[in-house]
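Chains A and B supply the protein sequences, listed in that same order.
Numbered according to our numbering, the first sequence terminates at residue 681, and the numbering increases by one at each position without gaps.
Numbered according to our numbering, the second sequence terminates at residue 380, and the numbering increases by one at each position without gaps.
Backbone N, C-alpha and C define an ideal beta-carbon position, used for all residues, glycine too.
From a predicted model like this one, the values you see are computed outputs, not experimental measurements.
Let me begin by presenting the structure, written as structure tokens, before commenting on it.
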Amino acid sequence: MDILATALPALNEAFALILQPQQIMFLVLGVLLGLSVGVFPGLGGIAGLSLVLPFVYGMDPVAGLALMVGLVAVIPTSDTFASVLMGIPGSSASQATVLDGFPLAKRGEAARALAAAFTSSLFGGLFGATVLTFFILMARPLVLAFGLPEMLMITILGLSMVAILAGRLPLKGLASAGLGLMVGTIGAADAGGSPRMSSYDMPYLYDGLKLVIVGLGIFAIPEIIALLRQDRSIAKNAELGAGWMTGIRDWWANIFLSIRCSTIGVIVGVIPGLGGSVVDWIAYGHAVQTSRDKSKFGSGEIRGVIGPESSNNAKEGGGLVPTLIFGIPGSGSMAVFIGGMALLGYDAGPQLISNDLNITYTIVWSLALANVVGAGLCILLSGGIARLTTIRFTLLAPFLFMLISFAAFQSRQSLGDLVALFAVGLVGIFLRRFDWSRPAFLIGFVLSGQAENYSFQAYQTASFQFRRSMEQGLEYIFSPIVIVLIIVTLVSVVLGIRQAKAIMPEGAVDTGTKRAPLIFLIAVTAYFVVSLIDAAMISQMTDKIFPVFISSVSIVACVLLLIRMMRQPETDAVFADREAAGEDSDAAHGLWGTLAWFAGLLVMASVFGFIIALTIFLITFLRIRAGLSWLKTALFCAAGVGFMMSMAAILNRDFPPGLLQAYVELPWPLK
Amino acid sequence: MARPSPVARHWEDCMSNSKTITRRATLGLAAVAAAAFTLPAQADMDLSGKTVEWVIPFSESGGSAKWANFYAPLLAEALPGQPTVVVKFMPGAGSTKGANWFQTQAKANGLTIFGSSGSTQFPYLLGDPRVRYEYRDWNVVLASGTGGVAYLPPDLAEKWKADPKSLLDVDFIYGSQGATRLDLVPLLAWEMLGLKVEPVFGIKGRGDGRLMFERGEANIDYQTSSSYLKGVTPLVEEGKAVPMMTWGALDADGNIVRDPTFPDIPTFKEVYTMMKGEEPSGAAWEAWKAFFVAGFPAQKMVFLPNGATQEMIDTYSNAFKKVHARPDFAEISKKRLGIYPQMTGADADAALDQAISVSDEAKDFVKNWLKERYGVELK
């Protein structure tokens, strides 16, 4: 009752503050800005917030908060467009949505998938806000209960989802995840700073690869290339099937799944340090495990969209807890948000809850309201935007190449971004071709840093506790939360392995000859061996153990796969190859010819700079590959380049410079 | 060091100003009037309609971001022609990426400025192979100082107060970002006292260190002043943390004295003297002091690139002076930055000089210590 007595008056006050025409106007403005920034993969909330930060200074606090909250709230909503329509994971919040959302779009059910996703987002957001309203008052001890062992266990729980997404052969899934983990270790080690598979002379690699690049490379590029080769629309036969009303009904039919996944979202969001990277995988895994018919997951199961989307908006609400009560941002955009709050004269921290509870509630409920406005708007738009999937893909592809190159460049603003994007894209294309689980790779990559840091830090802290006394050490490691998490993980691995055979995360794949899959396996094994040698040569123990361990395990998996390859006939699943039969092998255009277009854009960008290269690329592509008239080519090209320039100008972003720019000084946007 | 340190001189200003707000406001107004009077004579550049890019070599979430976001709107207002000032983040390789970019590619057109931090200074001083920049090429227009406070959980603090030596056999755990960062200063200080502190490396920011402390996983921690005021003071009030010592501040003669923001907390130097019965001296102390001076009293600086004209330098120096002369500056900066020296002009030059003049002995001592104690080698 105490909580109610504290919460209700402040809540009342908060609503009085929010529900003013002016505040709502700013909120809607923030939502609109957030939607327009959020649809671009790789930009996300940080770019949007940095955009409004200069205007926030001196604004009325509630209006300023409304503007910023509106912007942050809709990012995980709006990035769903790219995930579902194009198969591009816009941010870490929408990785899992791609798995089933994109196949639905290919079936012509984009509007249904989008509507289900947005309704789930809306519900998740509201659910999160409701829980938070009361929870925020007593969250502190609970958040503090999550120490290093607990965070390590949640990371392991996230990794255990690999078991479900491994595909037909668990060993291949394990090796994929191992590859992802190893790619995640590239660069300076967090603990001691030793360079791994890189050197001080290669500053790009020394910093490691960013999620944007890996997400785009592993998911977006293979899909774009595959569709472009077939020269058709995303939705087969350019027809739209089930519409957005169906999507809302789908959500209603799965409301309990939505509630459970929202709960997962809030709980994981509350724990600082984990960020959003695990939430949607755990929710996706949960959706799979609790479904009776698992056969459709990966090829267009609506529950695979509802689960992760319910969780990721609820997570944003949960993420406010560490941000507001500890002043520790849960994500990059939350960090900028704290900066913005300071501009308005509010410091995030315990005193905010105790002294300015009404402001706290204003933030929480602005978030909920922004979710309603944003998701509502998106649902209404989804029917129309879904039509994009009926356009001939050859006309969309050049603009997608343009967008993903620009998005990738935001990662480090170096030409290396484009090289890395292409290299990772190539890996993605092969993983897809030989049916190595790409979700497993991505989970491995995303959780690599956390897995290494938490295991090392938990180990180190635990050893001090043990030194004090055995009892204290055991108590530290095996807290009740850890024990529960261990049980959940074990159950999910056992169930996952049992069920994995029925789930094809990326559809069925035929087998072909032995040669190509064998060469790829040998190449992957070689990479593991090289990384193992590289890691073994590191002198600092702390930076060495994790890569040595992971690469060793992966090498064992690879060797077992090799043995299987030697023993089994060509028809065995281990020889899966999309070029052997099916859509890819029947495609009108070859893989390398199509890829060469994209490579051409990147090579030209490195010579002439991005804008000049883009102009040449668009003209030649539209004219030659798409066969448009000169007039249409000119119009489309002008639209694309003009759009890119205004985007960059508004967001104050530069374009990748080329060799030319190193010698000649050119005015923006050519510089 | 015979001449008064610029940091210290500013200190005295700060202290004498902090009597009453009214007095401060009057002074500020007078300064604004004075600045306005002298402005036309200096023929500053006109930046109307232009966009100034302030490059920060860190991510949006760090302390440098807070500092730049605090100054950016004020700077925009104070620069002639009120240009737009945008903060641009260029994180990477522990800030050496952004600094290298500034050294080799930034144009001296008066529209690009760079914000460095202690984490940019340390790799430079330690001879990190990634460093391709040279501080002496740049032109400093602002130097902001800060301090640092170490704190303990209440049970250990009680023992500490009774007898610091009773903590010599306690196993301390400290969440650290890495031994080559600013964490070098606390780690070396604790080691000099003979405390057994084991750092758990690899945390993402000092905020995470504080969280480890709050969770009871770490039992010693330090924060820079502004984070201490914001994050730890509430814990102290609740009785969950007790301040242990500060790193101190520099006085007019370059001596380490009590930090004016925390006059009641003893400095490391005092604690050392009390525990060991003599003032600290020797190679370790010289090295500690050198790195403290490099990392704290002029922690964050704003630079114009190599080749900037005197006109550009004056324009920015004057703009920052104008910001500091705002009647409300003391009040708004106290909350966001703490009461620390904000130096411009010759004071900033001297502060920069002090920050990067570290003797080779001190550098070698630290490099050797990093290698022996933590196995960290910069090569």
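Looking at residue j and residue i, is the spacing between their C-beta atoms short of 8 Å?
i	j	result
P113/A	Q105/A	no
A349/B	V142/B	yes
F36/A	A83/A	no
A623/A	M614/A	yes
P342/B	G146/B	yes
V153/A	I281/A	yes
F665/A	I629/A	no
G58/A	V41/A	no
A586/A	F444/A	yes
G225/A	T181/B	no
L406/A	V66/A	no
S447/A	A176/A	yes
I235/A	V434/A	no
V237/B	G249/B	no
A121/A	G393/A	yes
May I ask you to report which of helix, strand or coil DSSP gives residue i?
i	result
C200/B	One point to set straight first is that residue 200/B is Pro, not Cys, in the sequence displayed. Three-state DSSP puts P200/B in a strand.
E218/B	coil
M213/B	helix
T143/A	helix
Q83/B	coil
R24/B	Because R24/B sits at a pLDDT of 40, beneath the cut-off of 50, its placement in the model cannot be relied upon, and the point is left open.
W55/B	strand
S282/B	coil
R207/B	helix
D47/B	coil
F304/B	strand
F115/B	strand
F50/A	coil
K306/A	coil
D424/A	In the sequence under discussion, the amino acid at residue 424/A is Ser, which differs from the Asp named in the question. In the structure shown, S424/A sits in coil (DSSP, three-state: anything other than H, G, I, E or B).
L379/A	helix
G610/A	helix
A175/B	Looking at the sequence shown, residue 175/B is not Ala but Tyr. In the structure shown, Y175/B sits in a strand (DSSP, three-state: E or B).
Alpha carbon to alpha carbon, how far is residue i from residue j?
i	j	result
L196/B	E159/B	16 Å
L167/A	S549/A	31 Å
E54/B	L168/B	49 Å
A415/A	M193/B	Inspection of the sequence shows that residue 415/A is occupied by Ser rather than by Ala. Cα to Cα, S415/A sits roughly 52 Å from M193/B.
S360/B	R137/B	16 Å
F253/A	L410/A	The amino acid occupying residue 253/A in the given sequence is Gly; Phe does not appear at that position. About 25 Å.
T165/A	F432/A	29 Å
I439/A	L181/A	20 Å
L61/A	A201/A	33 Å
A73/A	R663/A	27 Å
A163/B	S364/A	34 Å
S96/B	I114/B	15 Å
Q300/B	T121/B	9 Å
Y356/A	K231/B	11 Å
F150/B	E271/B	The sequence shown places Val at residue 150/B, not Phe. C-alpha separation (whole angstroms): 14 Å.
L377/A	T140/A	11 Å
V108/A	V94/A	6 Å
G208/B	P74/B	26 Å
Write down the C-beta distance between residue i and residue j rounded to the nearest angstrom, noting that I regard them as a contact closer than 8 Å.
i	j	result
A324/A	V276/A	5 Å
T345/B	K364/B	Incorrect: roughly 29 Å between the Cβ atoms, too far for contact.
L367/A	T143/A	Not a contact, Cβ separation roughly 10 Å.
Quick one: which residues of the segment 198-222 of chain A get their C-beta closer than 7 Å to a C-beta of chain B? List them in chain order. Answer in chain order: D200, A201, G202, G203, Y210, P213, Y216 and D217.
Any C-beta of chain B within less than 7 Å: which residues of the segment 332-363 of chain A qualify? Residues passing the 7 Å Cβ filter: F336, G337, I338, P339, G342, A345, V346, G349, A352, L353, D357, G359, P360 and Q361.
Contact list for the segment 447-472 of chain A against chain B, Cβ threshold 7 Å: N463, F466, Q467, Q470 and T471: these are the residues of the segment 447-472 of chain A whose beta carbon lies less than 7 Å from some beta carbon of chain B, given in chain order.
Under 7 Å (Cβ pairs) to chain A, residues found in the segment 149-174 of chain B: Going along the segment 149-174 of chain B in chain order, one finds D172 and I174 with a Cβ nearer than 7 Å to chain A.
According to a CB-to-CB cut-off of less than 9 Å, which residues of the segment 154-169 of chain A neighbour chain B? For the segment 154-169 of chain A, which is checked against every Cβ of chain B, the residues closer than 9 Å are L154, A155, F156, G157 and L158.
Please name the residues in the segment 539-567 of chain A whose beta-carbon is closer than 7 Å to at least one beta-carbon of chain B, in chain order. Within the segment 539-567 of chain A, the qualifying residues are S549, Q550 and T552.
Below 7 Å between beta carbons is the criterion; list the residues of the segment 310-344 of chain B that meet it against any residue of chain A, in chain order. Taking 7 Å as the Cβ-Cβ cut-off against chain A, the residues of the segment 310-344 of chain B that qualify are R337.
When Cβ atoms are compared, which residues of the segment 411-444 of chain A fall closer than 9 Å to chain B? Cβ contacts with chain B: R422, Q423 and S424.
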